[in-house]
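Please read the structure below before turning to the comments.
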Amino acid sequence: MTMNNVGRPTAPVATDAAVAATFTGNRGLAIEEPLLFEVGRLDVTGVDFEDVGAFEPRLGGLARTAPVDLPGLTEPETMRHYVRLSRQNYAIDLGLYPLGSCTMKHNPRLNEAMARLPGFADVHPLQPLSTVTGAVELVAELGRWLLELTGMASVAMSPKAGAHGEMCGMAAIKAAIVDRGEARDVVLVPESAHGTNPATAAQLGFRVVSVPARADGTVDPEEVRKRLGPEVAAIMLTNPNTCGLFERDIVEIAEAVHAAGAYFYADGANFNAIVGKVRPGDLGVDAMHINLHKTFSTPHGGGGPGAGPVVLSDRLAPYAPVPFVRFGEDGAAEFVETRKAAGERGLKPFGRITAFHGQMGMFVRSVAYMLSHGADGLKQASEDAVLAANYIKACLKDVMTVAFPERPAMHEVLFDDRFLEGTGVTTLDFAKAMIDEGYHPMTMYFPLVVHGALLIEPTESESKASLDQFIGMLRHLAETATSGDASAFKAAPRLAPRRRVDETLAARQPKLVHQG
Amino acid sequence: MRYLPLSGTDRADMLAAIGVASIDDLFADLPADKRLTALPNLPPHASEQAVTRRLGAMAAKNTSAGSVPFFIGAGAYRHHVPATVDHLIQRSEFLTSYTPYQPEIAQGTLQVLFEFQTQVARLTGMEVANASMYDGSTGLAEAVLMAHRITKRDKAVLSGGVHPHYRGVVETVTRFPGHVVQSLPPDISGSEDILAAIDETTSCVVVQSPSFYGHLYDLKPIADKAHAVGALLIAVFTEVVSLGLIEPPGAQGADIVVGEGQSLGNPLSFGGPYVGLFATRQKYVRQMPGRLCGETVDADGRRAFVLTLSTREQHIRREKATSNICTNAGLCSLAFSIHLTLLGGAGLGKLARLNHANAVRLADALAVLPGVELLNRTFFNEFSLRLPKDAAAVVEKLASQGILAGVPASRLEPNRPELDNVLVIAATEVNTDEDRAALVGALREALS
């Protein structure tokens, strides 16, 4: 045995002891953390305050009769609580995060720094406009980039997320139809659409009619035409669609929709595949939301906040909700805040969909992203994302089943579970086995148009070495599954902070808050 | 380009592996006559330094709240946020993770959501809360739709104390499906007779307290009247810090509580992103919009958390979902939760007292100015004044002197000339005695 000069061994001694249960339940760096309510104390606060001094309260009879029942932690305890919790999460910064349709690309930290400049972060939405000219300039700058990249006429900036943007765009369509004196109430939605599309249409009082996908995964213009009529208000189409394919008949579909007096809403969730390659405005789109948290890389933050500005065609522009930024003939930006102000300009906003002006913090991050990439970088990012998806498809098509192999994939590639047939391994088992290999699984069981969907979106942020390791891992899992060894899949994940969780129990006996 | 790892050689190798000659072969499904042949008419890529210069120059044109005496509220509030909060929300594992759809590797986010839900429920005096909404205003619209589902009625009665933007959102969102909104006229001092507006056709009555104008409403009689006719009370707040000092809406009979949580953990950021708080009674949980996190166990019997009751949601129910909402306010709810963990109930109480004390001192100092009338007998950290002249002009004048004095009600209610002289002013713990003296002095001069 090798010893150092004080007699301490400097090389490990091999043992065959299995990982034993520990006293604490921790395992090395994997540290368990109790609930805040189990470690906090009611009389503790981690914030020091100045003395309040004497004053006469004006609360009427409405003062609290009991103190707030919330435990506090001191600052060091707070730090540990959240740092320990953070370590139980997967993250883009840890590895490839192939969630199809979610676009988990690198989040540049420059964007975080810019959003925190006091001139952006510490500015109130209702300050006099004379004190926020730079903020309006920033919003206008983002608007200009979005209009140039989409080829559309105007943009509504206030939607808070993609689904909120859908509501905004579809409400503009409804307002335009009402303005025309019509009562169209049907919205066509392809089977492969995100669930938000039919949910949005229904929330606005539309009836949803489904359009089937054809064998190659795209929408057949003939199937659209069959369903068009005087009662149809719009079609909601995602392009590239959720199968990762470009709807190649989009122009024909748009023309048919317009000829029937309806509007074309595009779900822009997958705009990241085509930035700099084609402009939705040139394809006949009337309204499209843009998920800034996807295409323009604002952080997903564990589920939000998002931002979903909506670009509008000439025909829908007058109906944009307040507030919005409007560009004059000379290109100068004007901030229109109220319906009254909009009316004075001959516009007919359909209303207001949020307090204040939208997700400014996300706007700053997006502009930083756009300026950093530039026109050339944005186009290259789209190309690299599409290249990476097709590379994965090419490298795995012999061991996994590509759902729609005939057409080139766009930024994501869809597999189905035919390659797992007879193995006893399901899409879910396969995904959980990826966790043990150190990866976040791909999107599972969506879209609904194929069986056991596995939707992989690598994004442009991965090096070739990273893609190759990912491909190697999937190939290994696919070969293991088809070689007849299902047991490791059924038990997976074994190496994550938790084994598979009981979702049925959670739903049957909902425990949504901590008691006690 | 610093964000793109693939080299020219990598790209060529990958194209070869795919078996195509050029990248454009992969875009073959794009209509040939529509494909862009030139780059968009936008500048080329830029260095970190260049971007910093450009955005830094834009930011520098704005007057930041912290650089001047600042008294603007009206739905968004400037508070001191402990440095710990911003550090923690920038942890890669929080910042760059997705919605926790794979619970085994997302327990961090999930436990935070469970703690957030518990904090919101306790703070509002309710039984359950969801994992957050986009913001308070959109949360309110969802609450009204939820009330319609529960009561199977379609008329909402809105108090005149509700934030005008919130009223606008409710009116917009409920108009399309054909619901009815009865909005009472602006109510500055709590003198409206909302009980008279509630009847057997009412689905819900919406009351904001503290109101947009600062007034504190006693919700109990409104809840009683609503319940007597089978309607629900939706209580709203835009200043969550008020709950440190005021009886929570749950204790006053509210059925749904909606609030803006920006005050805790989140910067003003010109209006967003913020975090909507949404709480209700256990019996209505299956009618709630938005994400919910629940406690369960894993295969080894260890406690674990998971998104649950998703059969309400759009990705399962599609057009029959309770809402089209997909995201929550993720990172903003984390910031809220961390700030509230640092405060605890005890600290929140102290913070609330400081806010109230500052507002009382400011109101008393302004009310004695000639021609100025304090319009609220009760308030928390925000109140309304009637000035002897147009409030918007006064605010502009003070802004030119480097004082951000409040919000003229006419900015949000441009069609109500009776509000032209009304100024809504907020004071929080960040305001110093010097700030107060500066505002009082400048306003005295502006009115003389």
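For the protein sequence lines, the chains are L and W, in the order given.
If you use this note's numbering, the first sequence corresponds to residues 512 to 1027, in order.
If you use this note's numbering, the second sequence corresponds to residues 227 to 674, in order.
Using N, Cα and C, we set each Cβ at its ideal position, and we do this for glycine too.
None of the values given here were measured: they were computed from a predicted structure.
Discussion item. Below 8 Å, how does it come out for the segment 245 to 256 of chain W and the segment 552 to 572 of chain W: are there three or more Cβ pairs, yes or no?
Written reply: no
Kindly list, in the order they appear in chain L, the residues whose Cβ is closer than 9 Å to that of E607(W). For the sequence presented, residue 607(W) should be read as Asn rather than Glu. The premise fails here: N607(W) is roughly 10 Å from chain L at the closest Cβ pair, so nothing lies under 9 Å.
Item checked: Partners in chain W for H868(L), counting only beta-carbon separations shorter than 8 Å -> F496, G497, G498
Discussion item. Could you tell me the alpha carbon to alpha carbon distance between M953(L) and I603(L), rounded to whole angstroms?
Written reply: 13 Å
Beta-bridge pairing of Y774(L) - partner residues as DSSP gives them: A745(L)
| field | Nearest-angstrom Cα separation, counted from E840(L) out to M372(W) | value | 44 Å
With R317(W) and S597(L) assumed to form a contact (beta carbons below 8 Å), what rounded beta-carbon distance in angstroms separates them? 4 Å
* Asked: Around the C-beta of I542(W), are 16 or more other C-beta atoms found within 10 angstroms, so that it is buried, or is it exposed?
  -> exposed
query = When you compare each of G470(W), R612(W), Q508(W), K509(W) to L490(W) by their alpha carbons, which one comes out closest?
reply = G470(W)
The beta strand (DSSP E) spanning H987(L) covers which residue range? First-last for H987(L): 975 to 993, but that is the alpha helix (DSSP H), not the beta strand (DSSP E).
Backbone CA spacing between A565(L) and P1008(L) [nearest angstrom]: 51 Å
Simplified DSSP state of R725(L), which is helix, strand or coil
coil
Exercise. Would you be able to state if there are at least three C-beta pairs under 8 Å between the segment 412 to 429 of chain W and the segment 593 to 602 of chain W?
Key: yes
Please determine, among A780(L), V762(L), N781(L), I801(L), the residue with the shortest C-alpha to C-alpha distance to E795(L). Position check: residue 795(L) holds Gly in this sequence, whereas Glu was assumed. Ranking the options by Cα distance to G795(L), first place goes to V762(L).
Does the segment 943 to 959 of chain L come within contact of the segment 865 to 877 of chain L, defined as at least 3 CB pairs closer than 8 Å?
no
- Task: For E845(L), return the contacting residues in chain W, with the cut-off set at a CB-CB distance below 9 Å.
- Result: The premise fails here: E845(L) is roughly 16 Å from chain W at the closest Cβ pair, so nothing lies under 9 Å.
- Query: Does the segment 254 to 273 of chain W come close enough to the segment 730 to 746 of chain L that 3 or more CB-CB pairs lie under 8 Å?
  - Reply: no
Where the segment 318 to 332 of chain W meets chain L: residues whose CB sits under 9 Å from a CB there:
S318, E319, F320, L321, T322, S323, Y324, T325, P326, Y327, Q328, P329, E330, I331, A332
Notebook entry, point to check: Where A355(W) and I448(W) are concerned, what is the direct C-alpha to C-alpha distance, given to the nearest angstrom?
Noted result: 22 Å
Since I believe I684(L) is in contact with A745(L) (beta carbons under 8 Å), could you give me their beta-carbon distance rounded to a whole number of angstroms? 5 Å
**Study point:** Nearest residue (CA-CA) to S640(L), options A422(W), A625(W), K381(W)
**Key:** For the sequence presented, residue 640(L) should be read as Leu rather than Ser. The candidate whose alpha carbon is nearest that of L640(L) is A625(W).
Quick one: residues in its chain with C-beta nearer than 6 Å to the C-beta of R670(W), no 5 flanking neighbours on either side, listed in chain order? L595
* **Where E465(W) falls, given that 16 or more other Cβ within 10 Å makes a residue buried** => buried
ask   = Is it right to say V517(L) is buried, meaning 16 or more other beta carbons lie within 10 angstroms of its own, or is it exposed?
value = exposed
Would you mind reading off the limits of the alpha helix (DSSP H) that contains A942(L)?
938 to 947
Residues of chain W with a CB under 8 Å from the CB of S877(L): which are they?
-> In chain order: nothing, as chain W lies at least about 11 Å away.
Listed in chain order, which residues of the segment 401 to 426 of chain W have Cβ atoms closer than 8 Å to some Cβ of chain B?
-> Protein chains L and W are contained in the structure displayed, whereas chain B is not.
Review point. Does the segment 749 to 763 of chain L touch the segment 908 to 924 of chain L, meaning 3 or more C-beta pairs lie closer than 8 Å?
Key: yes
Going by the DSSP bridge assignment, what does Q408(W) pair with across the sheet? V383(W)
When the Cα atoms are used, what is the spatial distance from P614(W) to T364(W)?
35 Å
Worksheet item: For the putative contact between A879(L) and A667(L), defined by C-beta atoms under 8 Å, what is the C-beta separation to the nearest angstrom?
Response: Contact doesn't hold; Cβ gap of about 22 Å is too wide.
Query raised in the report: Of all the residues that make up the segment 790 to 802 of chain L, which are near chain W by a beta-carbon distance shorter than 8 Å?
Result: R790, D793, L794
message = Is it buried or exposed, L540(L), if we count other Cβ atoms within 10 angstroms and call 16 or more buried?
response = exposed
(Q) Mapping the DSSP letters down to three states, classify F1000(L) as helix, strand or coil. (A) helix
| field | Residue from T658(W), G282(W), S549(W) whose Cα sits closest to the Cα of N584(W) | value | T658(W)
(Q) Between the alpha carbons of R575(L) and I315(W), how many angstroms are there, rounded? (A) 31 Å
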